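Reviewing the structure listed below.
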Amino acid sequence: MFTNKRILVTGGTGSFGKQFVHTLLTRYPDIKNIVIYSRDELKQSEMRQMYPRHAYPQLRFFIGDVRDRNRMIQACEGVDILVHAAAIKQVDTAEYNPSECIKTNVDGAQNVIDAALANHISDVVALSTDKACAPINLYGATKLVSDKLFTAANNIKGSKDMRFSVVRYGNVMGSRGSVIPFFLNQKKAGVIPITHPDMTRFNITLQAGVDMVLYALEQHLGGEIFVPKIPSYKILDVAHAIAPDADIKYVGVRPGEKLHEEMITDTDSYHTIDLGPYYAILPAVSYTYTEHDYLTHHEATKVPEGFKYHSGTNDQWETVEGLRSMIVEHLDPDFAV
72 MFTNKRILVT
82 GGTGSFGKQF
92 VHTLLTRYPD
102 IKNIVIYSRD
112 ELKQSEMRQM
122 YPRHAYPQLR
132 FFIGDVRDRN
142 RMIQACEGVD
152 ILVHAAAIKQ
162 VDTAEYNPSE
172 CIKTNVDGAQ
182 NVIDAALANH
192 ISDVVALSTD
202 KACAPINLYG
212 ATKLVSDKLF
222 TAANNIKGSK
232 DMRFSVVRYG
242 NVMGSRGSVI
252 PFFLNQKKAG
262 VIPITHPDMT
272 RFNITLQAGV
282 DMVLYALEQH
292 LGGEIFVPKI
302 PSYKILDVAH
312 AIAPDADIKY
322 VGVRPGEKLH
332 EEMITDTDSY
342 HTIDLGPYYA
352 ILPAVSYTYT
362 EHDYLTHHEA
372 TKVPEGFKYH
382 SGTNDQWETV
392 EGLRSMIVEH
402 LDPDFAV
């Protein structure tokens, strides 16, 4: 579906954006253009050095903010596929700067939708987070609103041939601000701060996150929230994998933080289907497709009523040795305990 297509990614200079662009260039040499849209001039400059114009003429770089509706509409002209990855993501940053988080994550999401509608973009996928499921912090709450905006956009597209969907996943291994790079740095000091010994999180590699977005773009009917089947890890096991000889210092759960994360609640189970490699939460209100349409399209089955997908009760777990192997494979080839 990517041959001779123009693709735009918001937040294109972030961890996901860079891996997404690399994957597109590697797998789909017949792409017409990849538009990297972000507000960080320095990161765009660094990325242009990685992909010089003479070698990668299909790349375009747009300075812009998703808060700027007019600029967003302008950047989307002629675009066929849009992936929305821009967001304010740090929980503590959002708690201290709530209005700024809302402007980017909620107002920005609506601007992306408006730009897609104005330019008749056929396929739109927005990135979400496990923190949007039963949120207790502002970041999660804004991403839940964003999810609702994108899934509901299918009801206002009119006769346009357009599909809006969402992908929701857990902690991305090695992304900026995540726990593993933080612990790798703390290892030098010999002390690893742990919020709570029982804390768990879902774990997904950056490439698996990119592959999931590509799957959604190729398979979505419109309105789905795609959820991957991925393992959990215990934060304490991450510390033992990285620095088994370091001292553990318990510092307490931070404001807005959960002991465990969810991606599907038991209430969501009434609208959730099993696709095999993924789950999909269907829109509660759809004027376009019925539940039967989604089940048929995806060749899927419904999950049992009361099903929930919770990092603390998951049936897949990363081990200490497995985490060490993943760090070597995905983050640092020279890593050693």
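Sequential numbering of the sequence shown, starting at 72, is according to this note's numbering. Just so you know, even glycine gets a beta-carbon here, dropped at the ideal spot from N, CA and C. As the structure is a prediction and not an experimental result, all values here were calculated from the model.
| Check | Outcome |
| --- | --- |
| Cα-Cα separation, F297 to V238 | 5 Å |
| Through-space distance from E295 to L353, alpha-carbon basis | 5 Å |
| Distance between A310 and M397 (C-alpha atoms, nearest Å) | 14 Å |
| Beta-carbon proximity list for V262, same chain, < 7 Å, skipping 5 on both sides | A317, D318, K320 |
| Sequence-distant residues of its chain with Cβ nearer than 8 Å to K231 (five each side left out) | L188, H191 |
| Start-to-end residues for the alpha helix (DSSP H) that takes in L292 | First-last for L292: undefined, no H or E at that position. |
| Spatial distance of N430 from I227 (CA atoms) | This structure cannot speak to residue 430, because the chain is shown only from 72 to 408. |
| Delimiting residues of the alpha helix (DSSP H) encompassing L413 | Residue 413 falls outside the range modelled here, since the chain spans only 72 to 408, and no answer is possible. |
| Backbone secondary structure at D136 - three-state DSSP | coil |
| Helix, strand or coil at Y122 according to DSSP, with G and I counted as helix | coil |
| V162 vs E328 beta-carbon contact at 8 Å | yes |
| Complete alpha helix (DSSP H) runs within the segment 176–218 (minimum length 4 residues, chain order) | 179–190 |
| R131 versus A180, S340, E362, Y108, residue with shortest Cα-Cα distance | Y108 |
| Beta-carbon gap between G241 and D201 smaller than 8 Å | yes |
| Supposed close pair T271, K305 - CB separation, criterion 8 Å | 5 Å |
| Status (buried if at least 16 other CB within 10 Å, exposed otherwise) for V356 | exposed |
| Coarse secondary structure for F406, derived from DSSP in three states | coil |
| Reduced DSSP secondary structure (H/G/I, E/B, other) of T84 | coil |
| Residue(s) in a DSSP beta bridge with S236 | V196 |
| Beta-bridge partners of S249, as assigned by DSSP | Answer is none; S249 lacks a bridge partner. |
| Where N75 falls, given that 16 or more other Cβ within 10 Å makes a residue buried | exposed |
| Cβ separation of S27 and D178, assumed to be a contact under 8 Å, to the nearest whole Å | As shown, the chain starts at 72 and ends at 408. That puts residue 27 outside it, with no answer to give. |
| Contact belief for V196 with V284 at Cβ below 8 Å, rounded distance in angstroms | 6 Å |
| DSSP three-state assignment for E222, whether helix, strand or coil | The amino acid at residue 222 is misidentified as Glu; the sequence shows Thr. In the structure shown, T222 sits in a helix (DSSP, three-state: H, G or I). |
| Selection from D403, P299, K89, G149 that minimises the alpha carbon distance to S382 | P299 |
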